[in-house]
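S.K.: I'd like to ask you about the structure that follows.
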Amino acid sequence: MNEQQQLNDLISDIEYLQYEAQSLSNVIESVPYSEKPLGGESIIENLMSVHSAQSSILEIFNDLDEKGMDIDINNYSVFDRVELTEQEIGDQNVKDLIQEIEKTRSSLTKIISDKPQAFFSLEFEEENSPVTVLDLLLEMVQRERNSLKEIANLVLTYQKDRQFQREISGKK
30 MNEQQQLNDL ISDIEYLQYE AQSLSNVIES VPYSEKPLGG ESIIENLMSV HSAQSSILEI
90 FNDLDEKGMD IDINNYSVFD RVELTEQEIG DQNVKDLIQE IEKTRSSLTK IISDKPQAFF
150 SLEFEEENSP VTVLDLLLEM VQRERNSLKE IANLVLTYQK DRQFQREISG KK
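Counting from 30, one number per residue, gives the positions in the sequence shown under this note's numbering.
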């Protein structure tokens with residue numbers, strides 16, 4: 030696959046993940062999005078990690094425009110997972126967060142679409158290993174897919190649990 034096709038596929042993936050986030054807003058209020066499953070992250074923490082990663086990448090792109098290659102990628106916490114206390118989780122508005130994800134994703138998609146192909150070959154040092162802008166974006170997409178898959182599994186589990194509870198209540 031040539032680099033231009035890879036970029037086109039990447040942009041399509043990024044746009045598709047935006048639509049997945051939008052579709053979440055239709056079901057998110059019907060599930061306990063603040064509950065942490067045993068040993069896992071709550072839905073809202075997963076969403077905040079997605080938002081944090083794409084916001085960090087936007088910040089990197091803005092800094093590249095302003096400072097050129099004079100940035101240290103290790104100063105950005107691109108893929109750090111967000112962990113919240115119960116209080117912090119309760120303070121979050123999931124609908125607002127999804128809207129922020131959509132807005133940031135739209136900005137990211139526009140910036141990526143407007144960049145010349147050479148931009149994606151720019152190379153950074155990350156923990157003594159070379160990484161390109163394209164590598165960074167591909168990793169973001171992969172991690173988001175995993176997060177959204179985990180969210181979808183949690184939503185499905187919560188919906189099945191609720192259905193099971195209704196069936197039990199109906200038999201009494």
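Beta carbons are placed, not taken as given, at the ideal position from N, Cα and C, and that holds for glycine.
Suppose contacts are defined by Cβ-Cβ distances below 8 Å. Is Glu-64 in contact with Arg-110 by that definition?
M.R.: No, the pair does not count as a contact, with Cβ atoms beyond the cut-off.
S.K.: Using CA atoms only, rank isn't needed, just tell me which of Leu-183, Ser-81, Ser-106, His-80 is closest to Leu-67.
M.R.: Comparing Cα-Cα distances from Leu-67 to each of Leu-183, Ser-81, Ser-106, His-80, the minimum goes to Leu-183.
S.K.: Run through DSSP, which three-state label would Ser-158 get?
M.R.: Three-state DSSP puts Ser-158 in a strand.
S.K.: From Lys-178, Val-162, Ile-118, pick the residue whose C-alpha is nearest to that of Leu-137; which is it?
M.R.: Closest by alpha carbon: Val-162.
S.K.: Just the Cα atoms here: how many angstroms apart are Gln-146 and Ile-102?
M.R.: Going from the Cα of Gln-146 to the Cα of Ile-102 covers about 20 Å.
S.K.: Count the CB pairs spanning the segment 32-46 and the segment 151-167 that are closer than 8 Å, and state whether there are at least three.
M.R.: The segment 32-46 vs the segment 151-167: in contact.
S.K.: Counting only the same chain and skipping the five closest in sequence on each side, list residues whose C-beta sits under 8 Å from that of Pro-159.
M.R.: Within the same chain, Pro-159 has close Cβ partners Glu-152, Phe-153.
S.K.: Report buried or exposed for Glu-58, applying the criterion of at least 16 other Cβ atoms within 10 angstroms of its Cβ.
M.R.: By the 10 Å Cβ count, Glu-58 comes out exposed.
S.K.: Assuming Val-123 contacts Tyr-187 (C-beta within less than 8 Å), just tell me the rounded distance between them.
M.R.: About 13 Å; that fails the 8 Å criterion.
S.K.: Please state whether the Cβ-Cβ distance between Glu-74 and Glu-131 is less than 8 Å.
M.R.: Not in contact: Glu-74 and Glu-131 (Cβ atoms no closer than 8 Å).
S.K.: Apply the 10 Å Cβ neighbour rule to Tyr-105 and answer buried if 16 or more other Cβ atoms are within range, or exposed otherwise.
M.R.: Buried, by the Cβ-count rule.
S.K.: What are the start and end residues of the alpha helix (DSSP H) that includes Met-77?
M.R.: Segment 72-96, the alpha helix (DSSP H) holding Met-77.
S.K.: The alpha helix (DSSP H) with Asp-38 in it runs from where to where?
M.R.: 32-56 is the span of the alpha helix (DSSP H), which, as asked, contains Asp-38.
S.K.: With C-beta atoms as the reference, is Leu-46 less than 8 Å away from Leu-177?
M.R.: Yes.
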